[in-house]
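Peer 1: First, the structure itself, so that you have it in front of you.
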Ligand code: RB5
């Protein structure tokens with residue numbers, strides 16, 4: 120299910136491999152959303168967990184409703200973010216995967232593999248993620264079981 124884009128509070132975080140895409144997507148999102156930028160703020164080498172934990176904290180304490188994380192493969196940021204109980208972080212390299220992560224998994228964090236997709240694709244993925252909604256129904260039970268089993 121996709122609808123008109125509504126206004127969200129969105130947290131962003133990146134390491135050096137995701138810095139440039141974060142900057143470009145920050146500019147895109149600022150037009151319609153309240154955006155919180157947790158860094159990194161230069162292309163110097165950094166450790167992705169230092170930026171992912173603050174973003175995940177913002178999701179957990181509800182300062183942000185959604186987040187987008189950027190690193191080379193998206194694996195590091197996704198693995199780190201998913202350590203947080205309230206985070207459901209999904210890696211997407213196509214817009215359809217991003218939509219399905221919202222529709223079926225109620226993903227609240229989108230992870231972009233910046234070294235494997237071009238910026239235009241990354242923008243399209245982010246736009247589709249924001250335009251998609253959780254479908255509930257049978258997916259509600261499955262999503263609940265993700266943390267019920269912990
Ligand atoms: C940085 O070189 C790279 O390891 C990082 O961006 C990410 O791909 C880790 O999962």
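In the working numbering, the protein residues as written are 120 to 269.
Note that CB positions come from ideal geometry on N, CA and C, so glycine has one too.
1. Please find out if some non-hydrogen atom of the ligand RB5 comes closer than 7 Å to the beta-carbon of residue 195.
2. Are the beta-carbon atoms of residue 163 and residue 135 separated by less than 8 Å?
3. Taking 7 Å as the cut-off, is the C-beta of residue 191 nearer than that to any heavy atom in the ligand RB5?
4. Just confirm the distance between the C-beta atoms of residue 213 and residue 172, as a whole number of angstroms; I'd bet it's less than 8 Å.
5. Keeping to the same chain, check which residues put their C-beta closer than 6 Å to that of residue 141; ignore five residues upstream and five downstream.
6. The ligand RB5 and residue 136: does any heavy atom of the ligand fall closer than 7 Å to the residue's C-beta?
7. Nearest by alpha-carbon distance to residue 201: which of 147, 192 and 265 is it?
8. Any heavy atom of the ligand RB5 closer than 7 Å to the Cβ of residue 127?
Peer 2: Based on what the coordinates show:
1. As a working note, residue 195 is residue 76 in the chain shown. Answer for residue 195: yes, Cβ within range of the ligand RB5.
2. The residue given as residue 163 occupies position 44 in the chain shown. The residue given as residue 135 occupies position 16 in the chain shown. Yes; because the gap between Cβ atoms is below 8 Å, this pair is in contact.
3. Here residue 191 refers to the residue found at position 72 of the chain shown. Flag set: Cβ of residue 191 near the ligand RB5.
4. As a working note, residue 213 is residue 94 in the chain shown. As a working note, residue 172 is residue 53 in the chain shown. With a Cβ gap of about 27 Å, residue 213 and residue 172 do not count as contacting.
5. Position 22 of the chain shown, counted from the start, is the residue given in the question as residue 141. For residue 141, where only same-chain residues beyond five positions count, the Cβ hits under 6 Å are 131, 133 and 189.
6. As a first step, residue 136 is located in the chain shown; it is residue number 17 there, counting from the start. Result yes, Cβ under 7 Å from the ligand RB5.
7. Position 82 of the chain shown, counted from the first residue, corresponds to residue 201. Among 147, 192 and 265, the Cα nearest to that of residue 201 is on 265.
8. The residue labelled residue 127 in the question sits at position 8 within the chain shown. Residue 127: no, Cβ never under 7 Å from the ligand RB5.
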